[in-house]
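Heads up: the structure comes next, in structure tokens.
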DNA sequence: TTAGTTCCGCTTTTT
DNA sequence: GCGGAACTAA
């Protein structure tokens, strides 16, 4: 086994793998083979005879967990599959189910997501007669979540606020208190509770703690820089006996402090475990030296970090460059031009490109431009499958069948489809329920007594009957059957069919997809119960969509980019106020987190990295002028941006004089389209996501071939086109990105592979087409 | 009760 | 400039 390891690992990776006993911290820089080290380390442990059941590996995302599981069982077929690899939340959910009786918890608990949480908070704020304007839903819901991340109860929060004379905090604590009561009454827990309840169970029941400590002799934590206080304590408790704890992370990639992550957990690991061994993985296998040194240069500006320096043996064949645009549309067009099929002599697939931005709102401009340029793209992460209204509706029915006391779900579907049960009816009923300390469901029989009119009473009764009719199926029938019955018998599907709009058709499609996801769940998992399904869904917030990104350019926020890699990366909107965002530049802590986010983005690039900014940008419908982001200067581009300003001004003038025309001849739209029309929102978002094949443009497999090159604009007979790859006797290979003038006066702006930009007179530049 | 209209206020979002 | 929530009219 040792030979296999050393053959496939470098020396520090090997060192980390072989160190199995005692606390170990692995500082794993971007692209240094972190997952490889974790999986090999587990494989090595098993090869030493450690029982797979006594190894616990914890991650943050389901994606990371399943990836790790797969790689372990690839490495060790058979026993490898028995190691316990899961997310923090999923582990705790299992724990709470298993130990429910010991800690007087009803094991049928539901898991509330953030939307559910906000709904409960809303109820609390109204019930307590608190000014909704001053105490915003999401702010309070967030504050409650952060409190749980810090293992703070409502009274802890109240005491703290009291002490510091914080009125807002005092009120928030009141809301938190009521919120918690409501959750208990509905037999629901939120994400924060999963961890917090587990921690307190372990703290209060020494028998339990002893048992789990003994069980998990080896513990590994991935992305340790993202752990919050509760998770930190949880791990500390579990590892308290054998102390074989190995954490892996990169403080430079800590970008979730706003979600409670505490970077000090990783920075202080060696203080917490004084005899800890520390290994730094610094050899990068992903990026070119130029990209790495630039990223290093940027992150070096942070004060709070563990010093490290990434290096690589990779060939130096890429570049980092700055792209300056005149406005956000121009930014998108310039990027589209670089991506469009002419780019780089057909060397790349669309899926080799990624566009990162700080805020989701920025994606729209790119969607418009890419559509115009016939560039297939996929926007990652905007609206997740299980967050769609129609899916949440169906899920609410299922939750209600499982647990009728779930007020959030009750209120969600009581009038969907419309049953004539309005706001006032529900409010009266809810008030009564609250007074009697019962759920809305339990108060339905008293509807008439409370003064509801005939119609609503009748509708309420038939609704509760409808839910009750599932009671037999609930325990014995398949979840798929229940789901199908809900969809049809509730009239939900019917209403969508009658609506018959493009939106309703998509909703129906999504519902069908939900059914196949349920089917998938039933064939894959051993726990086929409704309860099992609901837990599963609460913790896994997306369905697998393997081919989603195939042959498409990826658009996403920088946060979502963590862990991924692409040959060509565009980081956009690099402007003060947008990235670093808002007021973060005035707060060292926040600024450093923004800078880490920049570092994360930069280190995603394998070969080419573009730092893009725009002098002018529309924000909330108003045009604003921004300074270039300090991160551009920190990356060492003070001079270039000045030089390029000249080029850009010139090129924008040219564009203006050409009336922004660009003709696409072999795409579906054969006519010249004016770029101004971008803002007119030509299609619905769903249509934007259709596979590019439907345009007759992308061949299967997503490879770009010569035949699909964009043609010349009509009437332009010059061989020099925007996007054409050329070679220069001195500057080497490059690509035309701007052109102006004609004939003897034809000027070209060429972006060379070295990253340099040059404006050349075509007649004397001696360029050759390649 | 619901449909239509106006008004507000906007980072990031692993679970 | 857009979406959600709150208000208003029927």
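Numbering (UniProt numbering), first residue to last: 1 to 770.
Note that CB positions come from ideal geometry on N, CA and C, so glycine has one too.
Only a predicted model underlies this, so the values are computations on that prediction, with no experimental measurement involved.
> Can you tell me whether DSSP reads residue 2 as helix, strand or coil?
Replying inline: helix
Can you check whether the CB of residue 439 is closer than 7 Å to the CB of residue 405? yes
Item checked: For residue 68 and residue 610, the rounded distance between their alpha carbons -> 31 Å
query: Apart from the five residues just before and just after residue 571, which ones in its own chain have a Cβ nearer than 6 Å to its Cβ?
result: In the same chain as residue 571, and ignoring 5 residues on each side of it, the C-beta atoms closer than 6 Å to its own belong to 356, 601 and 611, in chain order.
Three or more C-beta pairs below 8 Å linking the segment 230–237 and the segment 109–126: no
For residue 569: DSSP bridge partner residues: 354 and 609
Using a Cβ-Cβ cutoff of less than 8 Å, which residues in the same chain neighbour residue 478 once the five nearest sequence positions on both sides are dropped? 522 and 528
query = What are the uninterrupted segments assigned as beta strand (DSSP E) that are 3 or more residues long and contained completely in the segment 54–132, given in chain order?
reply = 55–59, 84–87 and 110–112
*Measure the Cβ-Cβ separation of residue 173 and residue 154 and say whether it is below 7 Å.*
yes
Original post:
Does DSSP classify residue 526 as helix, strand or coil?
Top reply: coil
Going by DSSP, name the residue or residues bridged to residue 495. Per DSSP, none; premise fails for residue 495.
Whole-number beta carbon distance between residue 255 and residue 499, since they are thought to touch under 8 Å: That pair is no contact at about 41 Å.
Distance, residue 183 Cα to residue 535 Cα: 16 Å
>> Pull the bridge partners of residue 724 from the DSSP assignment, please.
In response: According to DSSP, which records beta bridges pairwise, residue 724 is partnered with nothing at all.
task = Can you grab the Cα-Cα spacing for the pair residue 459 / residue 452, in whole Å?
result = Rounded to whole angstroms, the separation of the alpha carbons of residue 452 and residue 459 is 11 Å.
Original post:
What is the rounded straight-line gap between the Cα of residue 121 and the Cα of residue 327?
Top reply: If you take the alpha carbons of residue 121 and residue 327, they lie about 40 Å apart.
Next on the checklist: Measuring straight from C-alpha to C-alpha, what distance separates residue 490 and residue 445?
Outcome noted: 21 Å
Checklist entry - How many angstroms separate the CA atom of residue 597 from the CA atom of residue 253? => result 7 Å
Euclidean distance between Cα positions of residue 137 and residue 144
11 Å
| Residue ranges of each beta strand (DSSP E) run of no fewer than 3 residues wholly in the segment 155–236, ordered along the chain? | Note on the segment 155–236: whole beta strand (DSSP E) runs with a minimum of 3 residues are 188–190 and 218–221, in chain order.
*Can you tell me the Cβ-Cβ gap for residue 486 and residue 348, rounded? I've got them flagged as a contact below 8 Å.*
Incorrect: roughly 46 Å between the Cβ atoms, too far for contact.
Using 8 Å as the threshold, is the segment 19–31 in touch with the segment 61–81, meaning 3 or more CB pairs across them?
no
Tell me whether residue 229 is buried or exposed, calling it buried when 16 or more other Cβ atoms sit within 10 Å of its Cβ. buried
>> In whole angstroms, give me the CA-to-CA distance for residue 42 and residue 273.
In response: 21 Å
- Which stretch, first to last residue, makes up the beta strand (DSSP E) that contains residue 249? 245–249
Within 10 angstroms of the Cβ of residue 399, are there 16 or more other Cβ atoms? Answer buried if so, exposed if not. buried
### Task
May I ask which residues mark the beginning and end of the alpha helix (DSSP H) holding residue 16?
Where residue 16 is concerned, the enclosing alpha helix (DSSP H) stretches over 11–18.
Cβ separation of residue 57 and residue 220, assumed to be a contact under 8 Å, to the nearest whole Å: That belief holds up - the Cβ atoms of residue 57 and residue 220 are roughly 4 Å apart, short of 8 Å.
Are the CB atoms of residue 425 and residue 433 within a distance shorter than 7 Å?
no
Checklist entry - What whole-angstrom Cβ distance do residue 385 and residue 542 have, given they're in contact under 8 Å? => result 6 Å
**Asked** Helix or strand or just coil, what does DSSP make of residue 448?
**Response** coil
Practice item. Give the straight-line distance between the Cα atoms of residue 765 and residue 620, rounded to the nearest whole angstrom. Key: Rounded to the nearest angstrom, the gap between the Cα atoms of residue 765 and residue 620 is 44 Å.
Note down the Cα distance separating residue 775 from residue 316, rounded to an integer number of angstroms. The structure shown does not extend to residue 775, since the chain spans only 1 to 770, so no value can be given for it.
Do the segment 504–517 and the segment 89–96 make contact, defined as three or more Cβ pairs closer than 8 Å? no
_Rounded distance between the beta-carbons of residue 538 and residue 130, thought under 8 Å_ = Not really, about 28 Å apart at Cβ, beyond 8 Å.
- Item | Simplified DSSP state of residue 564, which is helix, strand or coil | coil
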